[in-house]
């Protein structure tokens, strides 16, 4: 089972990731990982087909406090596509002068959409095909970058077409918002001042917001499974699209 | 002055970069750096608007032997575009199911091409505008990914149009070849077995091929200035496009 993790904050936030647990049971998620950090319109993408136990890239991400307003991370257990750098999530494309970042957890059966636009998969995963199709359809639906509300409306029309092919838990961001589409399992949580200490439910994948101190700071976290106990995680329903802007759910 | 460095090899090669000298005169290249490594069709891109003296990303790249067949690196001294993550070279786009990586050293005056295709700049540099225009024109010239010879022919038609706007030292790769376009200064070197020890001419930016031992190994290196003394670096003439495949110049 792949793991997804997303973060959307109203202030660029020091995020540090922990992969502690993965080091001891890396065989479960041995097929690579990736993390994308938006800094305004700019993007840092770290991907590695190596297990998080061995990867110098994972080691750097663990120790490097990157300030970001939107983060998408993915730990891969290969279902389709061999283990290779080009098959690591998140995937990135540019549209309308914005980078778009996409990660998927699930399995689309016999999904070979007609890709007649400007977006083609580099690797061999169902996930990247789905991303290219989404980008193609967004590009057809709008002449230039629309606002978050309009984008959400278009996504709500497109996503059921993907969901018809199988399980489609998805995170998407263009640096302005974080979109989270639920299928089988996806949870979210909002944290605000005062930030209380939380107990990790699972040390596989965690995120540390210790640097957050300002009363105005607000952050939303989305994860496959709740990362902590004692906090009000909510499930995203199958077929539901949640949109997070400035650390809060919208609409 | 920005610095470019490219590598093309016939076997995925352990490359380690050294930024030693930069640490002592970081004010000359304080505006960020970036390195892209192809692994087959997959790509790792490390960019940082911080100086190589401070950056944990640079620190990781220094210590991490990444096996790659095509590498493009860039140390930035901002001329156009403010210092920001989205203005760091190399830039990446996808075309025909291949990633394309581009880095530029020079200055294009009043270059605002008509971008009516699928490629728009995210940042504000002349370099990214030139890259988007090149991708747009390549996409118009070929229906799917052509061979290296055909691509080189198309590039030789397009590059003079960019050169007319100013200085355009450029490195471009799609993982199959490395294209190097000379303007004011760009040099190249081929290394083959037996690999002799070379003396660094400048410790700003260097690349270590110590891991190369097989007699069949062959690697071409392109750099703004010769990186070593005692080796047969050759200048790329103004307006010349060199193409490197499998560690050797072609045509």
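Chains as they are written, first to last, in my numbering: chain Z, 103 to 353; chain H, 103 to 353. Where a beta carbon is used, it is the ideal one built from N, C-alpha and C, also for glycine.
- Task: Could you tell me whether the Cβ of residue 192(Z) comes closer than 9 Å to any Cβ of chain H?
- Result: When Cβ-Cβ separations below 9 Å define contact, residue 192(Z) makes no contact with chain H.
Exercise. What residues from the region 219-232 of chain H come within 8 Å of chain Z, judged by C-beta to C-beta, listed N to C?
Worked result: 219, 220, 221, 222, 223, 224, 225
Fill in: Cα-Cα separation between residue 118(H) and residue 166(H), rounded to whole angstroms
7 Å
- prompt: Taking Cβ to Cβ, would you say residue 276(H) is nearer than 9 Å to residue 200(H)?
  reply: Their beta carbons are under 9 Å apart, which means residue 276(H) touches residue 200(H) by this criterion.
task = Kindly list the residues whose CB is nearer than 6 Å to the CB of residue 291(H), restricted to its own chain and excluding five residues on each side of it in sequence; keep chain order.
result = 323, 333, 335
request  = Might you give, ordered along the chain, the residues of its own chain that have their beta carbon closer than 6 Å to the beta carbon of residue 182(H), omitting 5 neighbours on each side?
outcome  = 227, 228
- Query: Per DSSP, what kind of secondary structure is residue 269(H) in: helix, strand or coil?
  - Reply: Three-state DSSP puts residue 269(H) in coil, outside helix and strand.
Can you give me, in chain order, the residues of the region 191-216 of chain H that have a beta carbon less than 7 Å from any beta carbon in chain Z? Taking 7 Å as the Cβ-Cβ cut-off against chain Z, the residues of the region 191-216 of chain H that qualify are 195, 196, 198, 199, 200, 201.
Can you round the beta-carbon distance between residue 162(H) and residue 158(Z) to whole angstroms, since I take them to be within the 8 Å contact cut?
6 Å
- Query: Between residue 172(H) and chain Z, is there a C-beta pair that is closer than 9 Å?
  - Reply: no
field: residue 170(H), enclosing beta strand (DSSP E) - first and last residue
entry: 168-177
Practice problem: Run down chain C in chain order and give the residues with a C-beta less than 9 Å from the C-beta of residue 142(Z). | Solution: Checking the listed chains, one finds no chain C in this structure; the protein chains it contains are Z and H.
- If you measure from the beta carbon of residue 250(Z) to each beta carbon in chain H, is any gap under 9 Å? Closer than 9 Å: no.
On the premise that residue 286(H) lies in contact with residue 269(H), defined as a C-beta separation below 8 Å, what is that separation, rounded to the nearest angstrom? 5 Å
Three-state class that DSSP yields for residue 161(Z) in the structure shown = helix
| Quick one: what does DSSP say residue 143(Z) is sitting in, helix, strand or coil? | coil
Exercise. In chain Z, which residues lie less than 8 Å from residue 158(H) when you measure between Cβ atoms?
Worked result: Within chain Z, the residues near residue 158(H) are 162, 165, 166.
* **When 239(H), 350(H), 282(H), 252(H) are compared against residue 294(H), the one with the closest alpha-carbon** => 350(H)
For residue 124(Z) and residue 214(H), what's the separation of their Cα atoms in angstroms?
Note on residue 124(Z): pLDDT 49, under 50, position unreliable in the model; no value is reported.
Self-check item: residue 155(H) - partner residues in DSSP beta bridges
Solution: Residue 155(H) pairs with nothing; no bridge assigned.
- prompt: Taking residue 114(Z) as the reference, which of 352(Z), 344(Z), 328(Z), 278(Z) has the closest Cα?
  reply: Nearest option by C-alpha distance: 278(Z).
How close, in whole Å, do the beta carbons of residue 342(Z) and residue 284(Z) come, if the pair is a contact with beta carbons under 8 Å?
5 Å
**Message:** Pull the bridge partners of residue 200(H) from the DSSP assignment, please.
**Reply:** 197(H)
- [ ] Classify residue 189(Z) as buried or exposed, calling it buried when 16 or more other Cβ atoms lie within 10 Å of its own Cβ.
- [x] buried
query: Can you tell me where the alpha helix (DSSP H) with residue 241(H) in it begins and where it stops?
result: 228-243
- Just the chain H side, please: which residues come within less than 9 Å of residue 345(Z) by C-beta, in chain order? Near residue 345(Z) there are no residues of chain H at all, since even the closest Cβ is about 22 Å away, more than 9 Å.
**Request:** With DSSP as the reference, label residue 219(Z) as helix, strand or coil.
**Result:** coil
Is there a Cβ from chain Z that is less than 9 Å from the Cβ of residue 270(H)?
-> no
* Closer than 9 Å, CB to CB, is residue 151(H) near chain Z or not? -> Yes, because at least one Cβ of chain Z sits closer than 9 Å to the Cβ of residue 151(H).
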